[in-house]
Structure formats: C-alpha cells, structure tokens
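Just below is one structure, and these are the notes that go with it.
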Amino acid sequence: MALSKRAASAPVSSHVAILRSLADKYHPTNNPDGFVNLAVAENSLMHRELTTYINEKIVFKSDILTYGCGGIGTQDLRSAVASFVEQKFETFAPLSHEKVVCTSGLTNAIESITYAVADTGDGILLARPFYGSFPYVMLERPGVKSIYVSFGDMDPFDPESIVAYQTALEKASKEGIKARAILLCNPHNPLGRCYSKEYLRNLIGFAATHNLHVISDEIYALSAYPSSSFTSVLAMDTSDLIDADLLHCLWGTSKDFGASGIRIGAVISHNEQLLSSIASRGLFNFPSAAADCIVAQVLADTPYVDSYLVENTLRLEKAYTIVVDFLDAEKIPYISSGGAGFFLWINLRKAIENRGFDFVGNAPAALPTGNVLKHQSDINLDIVARLFQQKIYLASGDAFGSEQPGWFRIIFSHPEAIMLEGLTRLKRAIESGPVEGITPAAAASLCLCFCAC
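Listed below in structure tokens is the structure:
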C-alpha cells in the first residue's frame with residue numbers, strides 16, 4: 001500500500017546518515033581506523049562524573065511509572081529549573097515554576113514555541129550563520145518559514161548590525177511573508193560568541209517596534225568560560241523596551257550538562273497564554289518521567305551543580321586551548337569564540353588555498369528549506385571529500401547557512417586522545433589535493449548529514 005503524500009515527498013533523513021557514520025566510530029584500540037566525529041555538538045568531558053552521580057544519588061519512586069503532572073513536567077522539575085535559572089542566569093525578575101513549561105528536549109521546545117507564536121506560512125527572523133536544525137524544526141510541523149538575515153561584511157555581534165534585520169524584514173514583507181518573531185542563539189552556535197547587553201537591548205527594541213516576539217535559545221549559557229561575558233535576556237530590565245509577553249527564554253540540559261540523551265528542555269516566559277498554549281499540546285511534548293526525576297534532583301543539589309559547572313568550564317577551556325594552538329600552528333583561520341560553547345568556526349578553504357591547492361568550481365550554497373539543502377557549495381563538497389578520505393567528520397558551513405564557502409564547525413569537547421587523533425587527520429586532509437573517486441552526490445550526502453548536529 002502506498003504511503004501518504006507527506007511520507008512519499010519526505011527527503012532522506014539527515015539522522016540516518018549520522019547513525020550510519022556512528023556505526024564506524026573511532027576507538028584507539030577497538031577501532032583505530034574508524035571515523036573521528038568532530039561534527040556532533042556533544043560534550044563528553046564530564047560524562048563519567050555525571051553518570052557516577054546519577055548511579056549513586058538518584059532515587060526513583062513509583063510515581064515515575066505514572067503520567068505524573070501531565071505533559072509539562074512535574075512541579076519538582078519546573079521549580080528546580082526556575083530556581084536554577086534564576087540563580088545562574090541572574091534574572092532581573094524572580095522566577096517560579098508557573099513561568100516554566102518543560103518539554104522532551106530543547107528541539108521540542110523550539111517547535112512548541114514556534115507553533116505558539118506563528119501560523120503556517122508566517123516567518124521567523126534567523127541570523128546567519130545559524131544552528132542547522134532551526135529551519136527544519138520550525139518548518140516541518142509548524143509550517144513556519146525562516147527569514148534569513150545576512151550581514152555581509154558587518155560583524156553580526158556589532159549593535160549597529162541590527163540594520164540587517166530591517167533589510168530582511170522588508171524583503172520578507174515584499175515576498176508576502178509575515179514576520180512573527182526573532183530567534184536568537186546566545187551564546188551563538190556555531191560562532192561561540194556571546195551577545196553584548198547593548199546588542200540585546202538594540203535587538204529587543206527593534207523587535208518591539210515591529211511587534212515581534214524575541215525567542216532566546218540559551219542552551220549554551222553555562223558553557224561560557226569565566227573570561228566571557230554572557231548575558232541572558234532574563235537578566236536585563238527590558239520594561240522600557242518591550243512588553244514582557246513578547247520575550248521568551250529557552251534552556252535545556254543537553255549542552256551545559258553534556259546530557260543530550262536526557263531529553264529535558266524548558267520554555268521560560270511571563271506570557272501565561274503562550275505557556276498555556278504549549279501546555280495544551282503537552283501530549284506531544286511529554287518529558288520522560290525518569291529524565292524529569294533525574295534533572296529535578298540534580299538541579300536541586302546546588303553544591304554539586306556549582307562544582308560540576310566550574311569543573312566543566314575548566315575542562316572546556318583546556319580543550320579549547322588545544323584546538324586553538326593547533327589552528328594557530330597550522331595557520332588555519334578561525335573566528336575567536338570569546339569563550340563560549342564547545343566549538344569553533346574554522347576556514348578550511350583558506351587553509352587549503354594557503355597550501356597551494358585549488359578547488360574545482362565555485363558554485364555557492366543554497367539556503368536550506370527546512371532540512372533540505374538544494375545544493376551545497378562546490379568548495380565545501382571538495383573539502384568534505386578530503387575530510388572523508390581521512391575518516392574525519394566536521395560540520396559543513398553550508399548546513400548552517402554560512403555566507404561564504406569554506407567554513408566548518410569543529411567540536412572540541414572530547415577526550416584529549418580523540419581530539420589529537422582528529423586534529424592529526426585534519427592536518428592530513430588540508431595537506432592533500434583534490435580527492436578522486438568520491439562523487440559529488442556522495443560528498444553532498446555527507447554535507448547533509450551534519451544538518452541536525
């Protein structure tokens with residue numbers, strides 16, 4: 001029997017390609033010829049500590065076998081998230097569990113809030129480059145389009161660059177797309193930088209002028225190093241700029257706690273109607289009761305959380321230094337992160353050109369529609385083939401809407417031995433010429449497989 005039109009028209013999932021790549025994962029003794037995956041944004045530096053804590057400290061009661069409080073997370077979880085965020089984000093206004101709705105991961109939270117603030121065919125402003133799954137998550141079920149904001153030669157973190165949002169807004173209006181919100185990632189993925197208070201105030205003021213919601217994805221908030229200056233939208237008094245009902249914050253455990261398998265996300269807002277709307281669809285967002293219990297108990301243990309976060313940032317700083325020292329030594333250009341996240345935005349095009357190698361073709365990438373890239377840039381396809389030959393994965397900038405070809409995201413939150421092996425392979429890749437025998441279609445599928453990392 002034929003499938004639905006939706007199923008028949010669906011593209012091959014990028015997740016399938018990722019899972020296939022993980023089947024041949026590098027291990028120094030068990031699989032030394034496997035792939036070193038520096039593409040997926042996971043932090044494994046504290047896995048041993050967190051799993052030990054969970055195994056020794058977490059107590060499950062029989063109520064985890066029930067529906068509990070329904071699809072928005074237990075009151076224990078929402079209270080723990082509210083208290084944690086209030087303390088760590090230094091919120092301007094107090095938070096209670098009534099301002100929090102929990103979901104099964106932050107991806108689900110993004111989809112839920114998109115569904116609540118925009119109708120099918122509407123648009124949400126998204127600065128380039130962006131987290132590769134944003135367009136897909138907003139379009140696939142909510143039916144909301146991405147309005148891409150391009151900056152050209154402007155620094156996208158300069159408060160003056162807000163003019164690019166105005167340009168994108170006007171272009172969308174001419175195309176008949178009604179903008180409903182701005183989606184911000186702070187600290188930024190993939191650039192690893194934090195927005196300044198001045199920038200945030202300018203952007204929030206711009207949003208208010210156009211009656212737009214501001215959604216701030218702050219999932220990397222506590223993966224900012226001591227030398228950085230992260231500011232949450234919740235930490236500022238914005239009463240002179242915008243209606244509180246238009247300002248929302250998202251957070252989850254996947255990044256700051258290196259726990260992407262524990263699917264807990266949170267929508268934090270003072271907009272009761274928005275939270276009620278998300279709660280009404282809780283059947284689709286239901287957090288696992290076991291995950292709910294784990295996160296509630298971990299966050300409630302303030303001494304442990306404090307020590308965990310300090311150690312995590314110290315390890316991230318050390319890992320960051322290893323990669324930056326390598327990039328400097330090999331003269332690979334990169335965007336200085338400013339100390340947030342566990343990735344760097346690196347220019348492999350320049351690194352390869354500086355070694356005297358040329359590229360075949362120079363077709364630009366097409367911006368993604370949902371999770372579909374119409375085509376990848378010729379230069380990135382060439383680079384991906386070189387990486388593939390050395391059995392190393394980095395995330396192609398095409399999947400992030402990069403404005404120039406040749407940019408890739410590298411993840412450095414791995415044990416040192418794995419990172420050093422990956423960097424050795426990266427060095428070999430950029431010192432090799434064009435690869436024979438890997439078809440453009442095969443390279444294109446590798447670019448696509450990074451779209452949801």
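Okay, so the sequence shown: first residue is 1 according to UniProt numbering, each after it adds one.
Ideal placement from N, C-alpha and C gives every residue a C-beta, glycine not left out.
What is the C-beta distance between residue i and residue j, in whole angstroms, given that I count them as a contact (C-beta under 8 Å)?
i: Tyr225; j: Pro187; result: The Cβ separation is near 10 Å, so there is no contact.
i: Leu45; j: Gly422; result: Incorrect: roughly 15 Å between the Cβ atoms, too far for contact.
i: Phe342; j: Asn43; result: 5 Å
i: Pro287; j: Ser83; result: At roughly 18 Å, the Cβ-Cβ gap does not stay under 8 Å, so Pro287 and Ser83 are not in contact.
i: Lys331; j: Asn347; result: With a Cβ gap of about 10 Å, Lys331 and Asn347 do not count as contacting.
i: Ile379; j: Phe359; result: 5 Å
Could you tell me whether the Cβ atoms of residue i and residue j are closer together than 8 Å?
i: Leu316; j: Ser402; result: no
i: Cys102; j: Ile204; result: no
i: Ala235; j: Phe92; result: yes
i: residue 458; j: Glu111; result: A question about residue 458 goes unanswered here, because the residues of the chain that appear run from 1 up to 453.
i: Ala207; j: Leu183; result: no
i: Ser146; j: Met154; result: no
i: Leu77; j: Glu86; result: no
i: Leu106; j: Gly252; result: yes
i: Tyr165; j: Val144; result: no
i: Leu200; j: Val163; result: no
i: Val435; j: Ile268; result: no
i: Ile294; j: Ile58; result: yes
i: Leu394; j: Ile410; result: yes
i: Phe157; j: Arg128; result: no
i: Ala329; j: Arg386; result: no
i: Tyr26; j: Val36; result: yes
i: Phe412; j: Gly397; result: no
Among residues of its own chain, excluding the 5 on either side of residue i, which ones have a beta-carbon nearer than 6 Å to its beta-carbon?
i: Ile335; result: Leu191, Trp345
i: Ala181; result: Val117, Ile124, Leu212, His213, Ile215
i: Asp217; result: Cys185, Leu250
i: Thr231; result: Lys197
i: Leu274; result: Ala116
Applying the criterion that 16 or more other CB atoms from any shown protein chain within 10 Å of the CB defines a buried residue, is residue i buried or exposed?
i: Asp382; result: buried
i: Ala23; result: exposed
i: Gln297; result: buried
i: Ser173; result: exposed
i: Asp243; result: exposed
i: Asp121; result: Correcting the residue identity first, residue 121 is Gly in this sequence and not Asp. Answer is exposed; the Cβ neighbour count stays below 16.
i: Gly433; result: exposed
i: Phe60; result: exposed
i: Ala259; result: buried
i: Cys451; result: Residue placement at Cys451 cannot be trusted, given a pLDDT of 42 that sits under 50; what the coordinates show is reported in the next sentence. Per the 10 Å Cβ criterion, buried.
i: Tyr136; result: buried
Spatial neighbours of residue i within its chain, please: CB distance less than 8 Å, with the 5 preceding and 5 following residues excluded, ordered by chain position.
i: Gln75; result: Cys69, His97
i: residue 459; result: Any answer about residue 459 is impossible in this case: the structure gives the chain only from 1 up to 453.
i: Asn202; result: Pro159, Ile162
i: Ala2; result: Ala8
i: Leu65; result: Ala289
For residue i, collect the residues of the same chain with a Cβ closer than 7 Å to its Cβ; drop the 5 residues on either side in sequence, then sort them by chain order.
i: Asn108; result: Gly265, Asn285
i: Phe257; result: Leu50
i: Thr238; result: Ile204, Leu247
i: Cys453; result: Because the pLDDT of Cys453 is 37, which lies under 50, any placement of that residue in the model is unreliable, and the number read from its coordinates should be weighed accordingly. Closer than 7 Å at the Cβ level, and outside the excluded window around Cys453, lie Ala39, Val40, Ala41, Gly132, Ala395.
| 4-residue-minimum alpha helix (DSSP H) runs that sit fully inside the segment 123-192, ordered along the chain | 134-140, 163-174
**Q.** Entirely enclosed alpha helix (DSSP H) segments - the segment 43-83, minimum 4 residues
**A.** Runs of alpha helix (DSSP H) with 4 or more residues, each lying fully within the segment 43-83, are found at 47-57, listed in chain order.
### Message
Please give me, in chain order, every unbroken run of the beta strand (DSSP E) with length at least 3 that falls completely inside the segment 377-445.
### Response
Annotation: the segment 377-445 contains the following complete segments of the beta strand (DSSP E) (minimum length 3 residues), in chain order: 407-411.
**Prompt:** Quick one: complete beta strand (DSSP E) runs, 3+ long, within the segment 284-355?
**Reply:** 343-347
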